[in-house]
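Trainee: Below are the structure tokens for one structure; questions will follow.
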Amino acid sequence: MIKWDVYFLFPIFTTTKPFNHMEIKRIDITFDTRTDSRGKDPDSASKTLKQYHKLLWNKILPNGKLFTLDDKRSGSYLYHKSELGEFFLSSDSVIHTYFRWPKTQHIIALVPKDSVSYFYDLAWTVGGFMVFPGNSINRKHTMNQARGINKRINDRFDLTLECIRRYYLDEPSPLFEVIKRYDDFFSLFVDFKGYCEFFLLQDLVSDDYAKVNFFLPFDGFVSNPIPRDLDEYIQYMNNNIDFIKKRNQRIDVYNQFL
Numbered sequence: 418m419i420k421w422d423v424y425f426l427f428p429i430f431t432t433t434k435p436f437n438h439m440e441i442k443r444i445d446i447t448f449d450t451r452t453d454s455r456g457k458d459p460d461s462a463s464k465t466l467k468q469y470h471k472l473l474w475n476k477i478l479p480n481g482k483l484f485t486l487d488d489k490r491s492g493s494y495l496y497h498k499s500e501l502g503e504f505f506l507s508s509d510s511v512i513h514t515y516f517r518w519p520k521t522q523h524i525i526a527l528v529p530k531d532s533v534s535y536f537y538d539l540a541w542t543v544g545g546f547m548v549f550p551g552n553s554i555n556r557k558h559t560m561n562q563a564r565g566i567n568k569r570i571n572d573r574f575d576l577t578l579e580c581i582r583r584y585y586l587d588e589p590s591p592l593f594e595v596i597k598r599y600d601d602f603f604s605l606f607v608d609f610k611g612y613c614e615f616f617l618l619q620d621l622v623s624d625d626y627a628k629v630n631f632f633l634p635f636d637g638f639v640s641n642p643i644p645r646d647l648d649e650y651i652q653y654m655n656n657n658i659d660f661i662k663k664r665n666q667r668i669d670v671y672n673q674f675l
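Structural data, given as structure tokens:
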């Protein structure tokens, strides 16, 4: 039975006025990152999002070291170099609505437009973004590229996080090879718990960090990860919305430490 989430009873209020980027000292969890992207991809074009990433992830690592991020280095989005290593980070929108995918159009057409718009708009707030290593190694796919083209992941962040969880246990997954290529980056967080806490992902995992809270029932990367029908899409959408809202709240709380 389709469960229409209560979130859809209320509109999402987003801030559309770009910030003066020299004055950003607090993260607005309602800010729509498309606003200052000039019609381009916010991952590369939104100056506000870039500053938000720097504010969020320029902090002490689980290993006790300070992870400083430079946003002025030419040719790099966010850059770090120290005894910890050299890292070139890029932004990645990790909430996939499948709103424009040809294979899901017959499903999207059945969902009320207001509901789809709510989901789509919320995905562009800061809680819908991550950073991953953005430099290609040996001309192979980056993390962002690999999770987008792998048919067992299809850009789903919950499945990506499950691959990361398995990496820390040295267990195979569809993304194990690409994650292993960036072992120096993922080792900064010591373990899966450290990774989730650093990136404020606690609401997508169990309390003991032993399991991922999947957006759809998980069968070990066997089934096509794209929602198959209206029931699955509604479940997928509601769970994504719940995660984004909770992560945004964690980000808002983090403002007090800035």
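Convert by adding 417 to the 1-based position in the sequence shown; the result is the number in my numbering. Each residue gets a CB set at the ideal place from its N, CA and C atoms; glycine is no exception.
#1: Straight-line CA distance for residue 563 to residue 443?
#2: With residue 502 as the anchor, note down where its beta strand (DSSP E) starts and where it stops.
#3: Taking the C-alpha atoms as reference points, what is the distance between residue 438 and residue 490?
#4: Where does residue 438 sit, in a helix, a strand or coil, going by DSSP?
#5: Does DSSP put residue 432 in a helix, in a strand, or in coil?
#6: Kindly list the residues whose CB is nearer than 8 Å to the CB of residue 477, restricted to its own chain and excluding five residues on each side of it in sequence; keep chain order.
#7: Going by the CB atoms, is the gap between residue 602 and residue 511 shorter than 8 Å?
#8: Provide the residue span of the beta strand (DSSP E) that contains residue 626, from first to last.
#9: Thinking residue 592 and residue 567 are a contact (beta carbons under 8 Å), I'd like their distance in whole angstroms, please.
#10: Assign residue 540 to one of two classes, buried (16 or more other C-beta atoms within 10 Å of its C-beta) or exposed (fewer than that).
#11: Pull up the CB-CB distance for residue 621 and residue 578, whole angstroms please, since I reckon it's below 8 Å.
#12: Give the secondary structure of residue 633 by DSSP, where H, G and I count as helix, E and B as strand, and everything else as coil.
#13: Report, in whole angstroms, the separation of the C-beta atoms of residue 606 and residue 479, which I expect to be a contact under 8 Å.
#14: Output yes or no for whether 8 Å exceeds the beta carbon distance between residue 550 and residue 618.
#15: Hey, residue 657 and residue 632: beta-carbon distance below 8 Å or not?
Mentor: With the given structure in hand:
#1: By one-based count along the sequence shown, residue 563 stands at place 146. By one-based count along the sequence shown, residue 443 stands at place 26. Spanning the two alpha carbons is a distance of roughly 32 Å.
#2: Counting from one through the sequence shown, the residue named residue 502 turns up at place 85. From DSSP, the beta strand (DSSP E) with residue 502 extends over 502 to 510.
#3: In the sequence shown, the residue the question calls residue 438 occupies position 21. In the sequence shown, the residue the question calls residue 490 occupies position 73. Reliability fails at residue 438, whose pLDDT of 49 lies under 50, so the model's placement of it is uncertain and no value is given.
#4: Your numbering for residue 438 matches position 21 in the sequence shown. Confidence in residue 438 is poor, its pLDDT being 49 and thus under 50, which makes the residue's placement unreliable; the coordinate value appears in the next sentence. Residue 438 falls in the coil class under three-state DSSP.
#5: Position 15 of the sequence shown holds residue 432. Any reading at residue 432 needs caution, since the residue's pLDDT is 49, under 50, leaving its predicted position unreliable; the model's value is listed next. It is a strand residue.
#6: Residue mapping note: residue 477 aligns to position 60 of the sequence shown, counting from 1. Correct list, in chain order: 483, 484.
#7: Within the sequence shown, the letter at position 94 stands for residue 511. Within the sequence shown, the letter at position 185 stands for residue 602. Result no, Cβ atoms of residue 511 and residue 602 do not sit closer than 8 Å.
#8: Position 209 of the sequence shown, counting from 1, holds the residue named residue 626. Taken as a continuous stretch (DSSP letters only), residue 626 belongs to no beta strand (DSSP E), as it is neither H nor E.
#9: Working through the sequence shown from its first residue, we reach residue 592 at position 175. Working through the sequence shown from its first residue, we reach residue 567 at position 150. So it is a contact: roughly 7 Å between Cβ atoms.
#10: Along the sequence shown, read from residue 1 onward, the residue named residue 540 stands at position 123. Classification of residue 540: buried, given that the 10 Å Cβ count is 16 or more.
#11: Along the sequence shown, one-based indexing puts residue 621 at 204. Along the sequence shown, one-based indexing puts residue 578 at 161. About 6 Å; that satisfies the 8 Å criterion.
#12: One-based indexing of the sequence shown puts residue 633 at position 216. Residue state, collapsed to three classes: coil.
#13: One-based indexing of the sequence shown puts residue 606 at position 189. One-based indexing of the sequence shown puts residue 479 at position 62. The pair is a contact, with the Cβ atoms about 5 Å apart (cut-off 8 Å).
#14: As a first step, residue 550 is located in the sequence shown; it is residue number 133 there, counting from the start. As a first step, residue 618 is located in the sequence shown; it is residue number 201 there, counting from the start. At least 8 Å separates the beta-carbon of residue 550 from that of residue 618.
#15: On the sequence shown, position 240 is the one that residue 657 refers to. On the sequence shown, position 215 is the one that residue 632 refers to. Yes.
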